[in-house]
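Residue numbers (this note's numbering): 1 to 259.
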Amino acid sequence: MAGSPTWKIYIINLERAVVRKQFMLQQFKKLGITNYEFIAALDGSKLGTDWLEAQLDQENLVRPLRPTEIACAISHKMALEHFIKQNNADYAVILEDDVLLPKNFNEIVNNSIQAMTGEEAVLLSGSLHTKQQFKKIKPLDGNTNLIQAVKPIEQIYFAAAYIMSKKVAAQHAKVIFPVTDVADSWWYYKGKGSMKDIWLAFPYPVRQEIFQSTRGKKAMVYDMINWTILHKIPVLYQFFTERRTREERNRLNNVELIN
């Protein structure tokens, strides 16, 4: 691969999630990011039961899946396949539409890709359900490191932000469909051959904003919350920021760094 590897951002976004799209566009403009493309996500609430059932590998289903979970997994597959068909990027940065990007996002991505062999996935946000030990691979900035599990990683979730080469994307697109598990069951997909390893950027540089669903009985209330987050309304936004911080702190507790 001549020169520095190139990369492009693919954002998975429901067409009805207009506020989230505005949120992402605001961030890209502020950070000077232009190498991105939105991928229209499938809306699980609008897909028929028969169609959804046909997307499953019933014999190998890991757990019962909700329509939104099935649609989410397929939407990630669609984003990966779109990336594979394009010839303007060596690596894909897959983002969901509710992520909060750091000021040095480009630096984090560039340094991550420079360390990658093309055989692994790098998670820029994650959640471990059990305490696990990790070793440092490479510093990404003054605070964040690329880390690798000492033992085979397990029970790692979150598909909000990750990096893949074309090779891994192609493998993962085949493994993830027909659908057998949720989109972010990373250790399961690693076991099925999607990638050789899973690395984390830690502390997680990409965070998730607390956007709410725009459907259901509380849709109007949720719309108001989302508007508050988008426009950072004083006092109310501070409340949601503190809530997000508590949730993030809990997700950091299961990562144990060793020398």
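Where is the CB? At the ideal position from N, CA and C, for every residue including glycine.
Remember, predicted model here, so these are calculated numbers, not experimental data.
- When C-alpha distances from Ala89 are compared across Asp50, Trp7, Lys138, Asp97, the shortest belongs to Trp7.
- Of all alpha-carbon atoms in Ala201, Asp57, Ile74, the one lying nearest the alpha-carbon of Asn110 is that of Ala201.
- Judged by beta-carbon spacing, Ala73 lies beyond the 8 Å limit of Ile9, meaning their Cβ atoms are not closer than that value.
- Exposure of His129 is indicated by the presence of fewer than 16 other C-beta atoms within 10 angstroms of its C-beta.
- In this structure, DSSP gives Arg207 an extended state, which the three-state scheme calls strand.
- Counting every other CB atom within 10 Å of its CB across the protein chains shown gives Trp51 a total below 16, marking it as exposed.
- Secondary structure note for Asp197: its beta strand (DSSP E) is the uninterrupted segment 197-202.
- Taken in chain order, the complete beta strand (DSSP E) segments of 3 residues or longer contained in the segment 76-104 are 91-96.
- Per DSSP, Gln55 is not a residue of any alpha helix (DSSP H), being assigned neither H nor E.
- Excluding its 5 nearest sequence neighbours in each direction, Ala79 has C-beta neighbours in its own chain below 7 Å: Tyr10, Ile12, Ile39, Ile94, listed in chain order.
- Asp57 sits exposed, since fewer than 16 C-beta atoms from the chains shown fall within 10 Å of its C-beta.
- Non-local beta-carbon contacts of Ser165 in its own chain, meaning distances under 6 Å to residues more than five positions away in sequence, involve Tyr91, Gly118 in chain order.
- For Glu107, the three-state secondary structure derived from DSSP is helix.
- Relative to the Cα of Thr180, the nearest Cα in the group Ala121, Leu47, Glu53, Gly32 belongs to Glu53.
- Relative to Gly142, the option among Ala121, Pro205, Gly126, Glu59 whose CA is nearest is Pro205.
- Sequence-distant Cβ neighbours of Gln27 in its own chain, meaning closer than 8 Å and more than five residues away, are Ile33, Leu100, Leu101.
- Excluding its 5 nearest sequence neighbours in each direction, Ser112 has C-beta neighbours in its own chain below 7 Å: Val122, Leu140, Leu146, Ile163, Ala201, listed in chain order.
- Beta-bridge annotation (DSSP): Lys138 is paired with Leu146.
- Rounded to the nearest whole angstrom, the CA to CA distance from Pro178 to Lys85 is 20 Å.
- Its Cα nearest to that of Pro67, the residue Ala41 stands out among Lys192, Val18, Ala41, Leu252.
- Excluding its 5 nearest sequence neighbours in each direction, Tyr157 has C-beta neighbours in its own chain below 6 Å: Ser127, Asp184, listed in chain order.
- Taken through DSSP and simplified to helix, strand or coil, Ile70 comes out as helix.
- In the same chain as Lys192, and ignoring 5 residues on each side of it, the C-beta atoms closer than 6 Å to its own belong to Val175, in chain order.
- The C-beta distance from Asp98 to Arg20 rounds to 6 Å, short enough to fall under 8 Å.
- Taking the Cα of Glu37 as reference, the smallest distance to any Cα among Ala115, Glu96, Gln114 is reached at Glu96.
- For Ile153, the CB contacts under 6 Å within the same chain, skipping 5 residues up- and downstream, are Trp187, Ile198 in chain order.
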